[in-house]
Every structure is written in structure tokens, then in C-alpha cells.
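Enquirer: Protein chains in written order, with UniProt numbering: chain A, 1 to 317; chain B, 1 to 263. Sharing a structure, written as C-alpha cells. Questions coming.
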């Protein structure tokens with residue numbers, strides 16, 4: 001058993017010809033922290049369900065921890081820990097009971113299960129609330145308990161599907177700290193999905209951006225930022241004619257310029273440094289935008305960028 | 001590293017224990033179920049006992065005749081609750097977590113099924129106690145009561161298996177509830193209120209003869225009214241219920257595999 005993930009050209013088509021995953025391939029090395037970054041409906045959760053034996057792919061090859069997911073689902077389940085987007089907690093059981101229950105199902109004796117539950121409660125800071133019904137926990141506490149349940153059998157690979165969505169900053173940081181520690185200190189391979197660029201940036205060794213069921217870019221955070229890290233200067237005009245003139249005025253080989261109706265968008269590596277230049281050019285032609293905004297690269301811009309390039313057919317895998 | 005594939009029996013035990021704890025923590029769900037089946041026994045006995053004077057009853061005690069109906073109908077609340085528990089697990093995501101453990105899919109569905117079955121057996125025990133209070137006489141004696149409880153156990157497994165399977169297919173409380181409506185034809189297209197010879201309509205005779213519940217009624221009534229002089233209806237009852245258990249539990253275990261996948 002090892003902590004690797006090997007995915008070759010998987011596809012998942014649901015009833016009604018809904019193609020959730022369309023030919024995704026990637027490899028994750030033992031001990032690597034890998035993130036899937038994408039918007040809602042990109043196919044992130046479906047990929048996690050395919051990798052964790054909950055769904056069967058329409059086609060393609062899946063290997064997790066060295067086992068074929070289709071042929072050896074039991075062995076895969078023993079090697080992985082999975083925290084799905086929706087926490088899996090029975091509200092009628094207490095925190096401690098849930099952890100002991102989970103441990104028993106992973107083959108721990110009663111005594112071992114008790115001990116393991118105690119350790120995990122401490123780890124996620126729920127010792128004081130261990131004997132309260134989990135249904136009475138706050139959202140953040142439920143997330144922490146869910147993570148603890150995922151860790152019961154010390155899995156070699158951890159799948160985390162949007163583990164911090166809907167959490168307040170304090171709880172988010174607590175979850176980040178713990179998964180970072182698992183990766184760095186225990187060498188656990190981590191497969192994380194997120195909608196937040198910041199989260200992937202902070203945590204992952206390598207990121208794949210997924211959109212509409214396909215991987216559109218892969219690289220380290222630094223690499224992705226180099227290719228995608230543009231500031232966007234957005235100029236909004238009252239009249240389309242003005243926008244057309246402005247587009248002609250500011251267009252340059254040094255950066256990318258786009259016009260959609262009354263809006264002109266400039267994507268530049270360092271937006272603030274060319275801002276003065278842009279304003280001077282507009283002034284020369286007596287063009288006055290109704291609004292001017294400079295935004296750091298957002299996930300949206302990354303997607304606009306990547307999907308544009310995808311259309312033009314000029315993108316590496 | 002501690003991890004290893006769980007043992008089927010210990011997994012089933014752990015799952016069952018958890019289901020029982022969950023039931024006990026929601027008394028407002030199981031107490032009305034207990035009350036309603038005893039209520040039916042009172043009503044049937046009070047309203048229908050005059051039928052026992054008909055010659056086809058051969059002097060049998062109507063209470064002994066109607067008691068099985070009360071026990072079998074208790075399943076809709078007791079054993080049927082297993083399906084509702086499953087819907088709750090599906091709704092709060094706990095079921096996905098169970099599927100991600102190495103336990104066998106059969107152990108996962110057997111937890112709520114056995115818990116539902118136990119609930120029905122306890123209900124049946126209480127119904128029999130109330131029956132004695134109303135003047136029930138059991139021809140089969142103490143052993144007869146045990147046989148009735150064993151038949152109840154089989155029926156509980158079968159019905160809970162069915163309700164869990166339906167819940168896993170339906171995935172929501174409304175549809176799961178709708179699925180339990182099969183119960184009504186099962187209990188009423190049978191020798192529910194009168195013996196087979198007294199059923200008037202030919203179609204109802206046919207329906208009763210292919211309805212597995214008829215064989216359950218017959219087995220229980222034989223033990224309660226005649227004792228162990230003729231054992232064939234009892235054996236037949238056990239065989240039919242065993243077959244039914246096999247079908248419904250297989251149905252629920254197969255449904256468990258498909259529960260999360262949407263294809």
C-alpha cells in the first residue's frame with residue numbers, strides 16, 4: 001500500500017447525458033498535497049466520489065493507494081479517509097460514540113476504539129463536548145468531528161471535498177492547520193477540492209484547475225500565478241462608441257485587452273504600474289470612463305483567462 | 001497500523017447497537033407505534049368477536065384468531081421504522097460515511113433491519129401480554145408463545161428489509177412512506193378477519209392464497225388455537241417467511257450499493 005493516486009482518462013456521464021467528468025487524467029505522488037480548484041458544478045465532487053468508491057466511472061482507469069478502485073474497493077476504503085462536502089454525522093449520537101463506532105468498523109477492539117476516540121477528540125479540540133449529542137454541535141464543531149472520524153484509521157490518503165466551505169475564518173484556519181500538519185508531519189497524501197484560490201494557494205504543492213468536467217491547467221501555485229496571475233483593470237463607459245475608442249487607445253502588445261460592449265478589460269501582470277499609462281492615454285483622447293476598477297487576480301479572472309485560451313486551443317494540459 | 005477489514009458479525013453487532021441507541025433516543029417515534037397496535041387489538045376484539053360464534057370457527061377464541069393481525073400490522077410502525085431511519089441517514093450524509101467504511105454492505109443494512117425487527121418482537125410481546133389480560137388462551141402453551149414470537153421475528157426481518165430497500169431506492173421520506181403502502185394489500189387481501197372457508201369473493205380467495213402473510217397468519221393461529229397437533233401450517237409459515245426474508249434483505253443489500261451512485 002502506498003499513498004499514490006493514478007487517474008487515467010476517467011469519464012462520468014449521469015442519466016440524461018449529463019457529462020460531469022470528461023476525460024480527466026492526473027497523478028498524485030506519495031505524500032503530496034494536491035488540490036482541485038474549480039467553481040460549483042465543475043466536477044470536483046464527482047471526481048472525489050469516483051476516487052473513493054462511491055461512484056463507478058463510465059470509463060477510464062482509477063488507481064488509489066496502488067489498488068484498482070473498481071476491482072478492490074474494500075482495500076481502497078481501508079487506505080483512505082474521506083471527508084465529503086456534506087458532513088457524515090448522525091445527530092442522535094454523541095461525539096465520542098461516533099468516533100468509537102467508526103473505529104469499531106475499521107476493526108479496532110472496544111478498548112482500542114476508546115483510546116483512539118480520546119486521542120482524536122483531543123486532536124480536534126472536542127474533549128469537553130465529547131459527551132454531548134453531535135446534533136447540538138455548531139457547524140465548525142461538526143466539521144472538526146467529521147475530520148476526526150475521517151482520521152480514525154490513520155489513512156494513507158486523505159480526500160477532503162471543500163472542507164472549509166461555509167466555515168468562519170477561525171474554524172477555517174483550524175482545519176488548515178490540522179491538514180497541513182497531517183501532510184507535513186505524518187506524510188499523508190492529501191487530495192483537496194476547493195472553490196477558493198487562497199485555500200489552494202496556501203496549502204497545496206500542486207493545483208489542477210477544473211472547469212466543466214475537464215482539467216484546464218495544472219501546476220504549482222507559483223507556476224499558475226506566473227501564467228494566470230494578471231491584475232484586471234476594468235473600464236466602464238456610458239457609450240459603446242467611447243468604449244471602442246478607448247479600446248483602440250489603450251491596446252498594446254505588452255498586455256491583453258478585451259472589449260465587451262461598454263466595458264474594456266485590461267489584463268496585465270502588474271496592473272497598478274501601467275494604470276498611470278492607461279489613464280494618460282485615455283486623457284489624450286478625452287475619454288472618461290464612468291467607472292474604473294483595478295482588481296487582483298480572482299478565480300473568475302483565472303477562469304476567463306483559462307477558458308479563453310481553451311477556446312483558442314493554445315493551452316497545455 | 002491498526003486498520004484491518006472488520007469482521008462481519010462484529011460489524012453487524014456494532015451497526016445494530018447504534019440503530020437501537022438512535023431509536024431509544026427518539027421515544028416519540030416508537031411509543032405511538034406501541035400504542036397503536038394495542039389499540040387495534042382492543043378494537044378488533046370489541047367489535048368483531050361475535051364472528052367467533054359462526055360454525056366455521058369451531059368454537060375458537062376470536063382473540064386468539066385476531067391476535068396475529070395485531071402483531072403483523074404492528075410491523076408498519078416497528079419494522080417499517082427501519083426505512084425511516086435509513087432515510088434520515090441518507091439525508092444527513094451518515095450513510096455515505098458508512099459506505100466508506102470497509103464493512104460489508106450487508107452488515108450496513110442489517111443494523112437498522114435487526115433493530116426494527118427487535119422493536120417488532122417487543123411490540124408483539126406487549127400485544128400478547130395485553131391479550132392475556134383480555135382473556136387470551138394459547139393452546140400451544142409457553143412453547144406456543146415462543147413460536148409466535150419466532151414467526152414475528154421472521155416477519156420483522158422481512159418487513160424491515162423491504163422498508164430499508166425501498167428507502168434506499170426512494171431516498172426521501174415521502175416515497176419511503178409511500179412504499180410501505182404495500183402493507184395494506186398484504187394485510188387485508190388475506191384471511192385477516194375470517195378464516196379462508198368464510199371468504200366470500202373468489203378473487204379474494206385467490207389473493208389470500210398467494211399472499212405470504214396468509215401463511216404467517218395460519219401458522220400463528222394454528223399454534224394459538226390448536227397447539228401442535230398439526231405442525232404443517234407452522235412449518236409452512238416458517239418456510240414462507242424465511243423465503244420472504246431472503247428476498248427483501250437481498251433487495252436492501254443490493255440497493256445499498258446503488259444508494260449513492262446516481263447512474
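Note that beta-carbon positions come from the ideal geometry of N, C-alpha and C, so glycine has one too.
1. Out of A:33, A:179, A:110 and A:261, which has the shortest C-alpha to C-alpha gap to residue 241 of chain A?
2. Let me see if you follow: with CB-CB separation under 8 Å, is residue 157 of chain A close to chain B or not?
3. Alpha carbon to alpha carbon, how far is residue 258 of chain B from residue 171 of chain B? Give it in angstroms, no decimals.
4. Just to check my reading of the structure: residue 81 of chain B and residue 36 of chain B have Cβ atoms closer than 8 Å, yes? What is that Cβ distance to the nearest angstrom?
5. Ends of the beta strand (DSSP E) at residue 25 of chain A?
6. Applying a beta-carbon distance threshold of less than 9 Å, which residues of chain B neighbour residue 149 of chain A?
7. Locate the beta strand (DSSP E) running through residue 292 of chain A, then write down its first and last residues.
8. Can you grab the Cα-Cα spacing for the pair residue 60 of chain B / residue 225 of chain B, in whole Å?
9. Please list the segments of the alpha helix (DSSP H) lying wholly inside the stretch 113 to 160 of chain B, counting only runs of 4 or more residues, in order along the chain.
10. Here's a check: name, in chain order, each residue in its chain whose Cβ is nearer than 6 Å to the Cβ of residue 25 of chain B, leaving out the five neighbours to either side.
11. For the putative contact between residue 206 of chain A and residue 34 of chain A, defined by C-beta atoms under 8 Å, what is the C-beta separation to the nearest angstrom?
12. I want to know whether the stretch 130 to 145 of chain A touches the stretch 35 to 52 of chain A - three or more CB-CB distances under 8 Å.
13. For residue 235 of chain A, does the count of other Cβ atoms within 10 angstroms reach 16, so buried, or fall short, so exposed?
14. Who does residue 211 of chain A pair with in a DSSP beta bridge?
15. How is residue 316 of chain A classed by DSSP in three states: helix, strand or coil?
16. Is there a Cβ of chain B sitting closer than 8 Å to that of residue 77 of chain A, yes or no?
17. I want to verify the contact list: residues of chain B whose CB lies under 7 Å from the CB of residue 82 of chain A, in sequence order.
18. Would you check if the distance between the CB atom of residue 8 of chain B and the CB atom of residue 107 of chain B is smaller than 8 Å?
19. Quick check for students: name the residue ranges of the beta strand (DSSP E) that lie wholly in the stretch 140 to 204 of chain A, counting only runs of 3 or more.
20. Using a 10 Å radius around the Cβ and a threshold of 16 neighbouring Cβ atoms, would you call residue 155 of chain B buried or exposed?
21. Just by C-beta distance, which residues in the stretch 180 to 197 of chain A are closer than 7 Å to chain B?
22. Taking the straight line between their C-alpha atoms, what separation do you get for residue 294 of chain A and residue 277 of chain A?
23. Taking the straight line between their C-alpha atoms, what separation do you get for residue 30 of chain A and residue 8 of chain A?
24. Closest to residue 191 of chain A by CA distance: which of A:176, A:160, A:208 and A:164 is it?
25. With DSSP collapsed to three states, give me the class of residue 59 of chain A.
26. With 16 other CB atoms within 10 Å as the buried threshold, where does residue 288 of chain A fall?
27. Output, in chain order, the set of chain B residues within a Cβ distance shorter than 9 Å of residue 91 of chain A.
28. Please work out which residues of its chain come closer than 6 Å, Cβ to Cβ, to residue 233 of chain B, disregarding the five sequence neighbours upstream and downstream, and give them in chain order.
29. List the DSSP bridge partners of residue 6 of chain A.
30. Check whether the stretch 103 to 117 of chain A touches the stretch 30 to 47 of chain B, counting contact only when three or more Cβ pairs, one atom from each stretch, lie closer than 8 Å.
31. Confirm, please, whether the CB-CB distance from residue 97 of chain B to residue 149 of chain A is below 8 Å.
32. Who are the near neighbours of residue 210 of chain A in its chain, counting only those whose CB is closer than 8 Å to its CB and skipping five residues on each side?
33. Alpha carbon to alpha carbon, what distance is there between residue 16 of chain B and residue 183 of chain B?
34. By the 10 Å Cβ neighbour count, where 16 or more other Cβ atoms means buried, how is residue 73 of chain B classified, buried or exposed?
35. Any C-beta of chain A sitting closer than 8 Å to the C-beta of residue 61 of chain B?
36. Within the continuous alpha helix (DSSP H) that includes residue 271 of chain A, where are the two ends?
Expert: So, to answer that:
1. Here the closest residue by C-alpha is A:261.
2. Answer no: the Cβ-Cβ gap between residue 157 of chain A and chain B never drops below 8 Å.
3. It is roughly 11 Å from the alpha-carbon of residue 171 of chain B to the alpha-carbon of residue 258 of chain B.
4. Contact check for residue 81 of chain B and residue 36 of chain B: beta-carbon distance about 12 Å, past the 8 Å limit, so the pair fails to qualify.
5. Its beta strand (DSSP E) spans residues 18 to 28.
6. The contacting residues are 97.
7. For residue 292 of chain A, the enclosing beta strand (DSSP E) stretches over residues 291 to 295.
8. Taking the straight line joining both Cα atoms gives about 7 Å.
9. DSSP runs (the alpha helix (DSSP H)) wholly in the stretch 113 to 160 of chain B: none.
10. Cβ-Cβ distances below 6 Å link residue 25 of chain B to nothing in the same chain once the five nearest sequence neighbours on each side are left out.
11. Indeed, because the Cβ distance is near 5 Å, the residues count as touching under 8 Å.
12. No, they do not touch.
13. Around the CB of residue 235 of chain A, 16 or more other CB atoms lie within 10 Å, so the residue is classed as buried.
14. Beta-bridge pairing by DSSP links residue 211 of chain A to A:214.
15. No answer about residue 316 of chain A holds up, because its pLDDT of 40 lies below 50 and its placement is not dependable.
16. The Cβ of residue 77 of chain A sits closer than 8 Å to at least one Cβ of chain B.
17. Listed along chain B are 100, each with a C-beta nearer than 7 Å to that of residue 82 of chain A.
18. Yes, they are a contact pair.
19. The qualifying runs are 157 to 161 and 189 to 194.
20. That one is buried.
21. Using a CB distance below 7 Å, no part of the stretch 180 to 197 of chain A faces chain B.
22. Roughly 14 Å separates the two Cα atoms.
23. Their Cα atoms are separated by approximately 17 Å.
24. For the residues A:176, A:160, A:208 and A:164, the minimum Cα distance to residue 191 of chain A belongs to A:160.
25. Reduced to three states, the DSSP call for residue 59 of chain A is strand.
26. Counting the other Cβ atoms within 10 Å of the Cβ of residue 288 of chain A gives fewer than 16, which makes it exposed.
27. Contact annotation for residue 91 of chain A against chain B: 88, 92 and 94 [CB-CB distance below 9 Å, chain order].
28. Listed in chain order, the non-local C-beta contacts of residue 233 of chain B below 6 Å within the same chain comprise 218, 219 and 222, local neighbours out to five positions each way being set aside.
29. Its beta-bridge partners are A:27 and A:63.
30. Inter-segment contact for the stretch 103 to 117 of chain A and the stretch 30 to 47 of chain B is absent: fewer than three beta-carbon pairs are separated by less than 8 Å.
31. Their beta carbons are under 8 Å apart, which means residue 149 of chain A touches residue 97 of chain B by this criterion.
32. For residue 210 of chain A, where only same-chain residues beyond five positions count, the Cβ hits under 8 Å are 24, 36, 37, 38, 42, 43, 44, 47 and 216.
33. So the alpha carbons of these two residues sit roughly 24 Å apart.
34. Looking at its Cβ environment, which holds 16 or more other Cβ atoms inside 10 Å, residue 73 of chain B is buried.
35. For residue 61 of chain B, the answer is no, since every Cβ of chain A falls outside 8 Å of its Cβ.
36. Unbroken alpha helix (DSSP H) run through residue 271 of chain A: 271 to 284.
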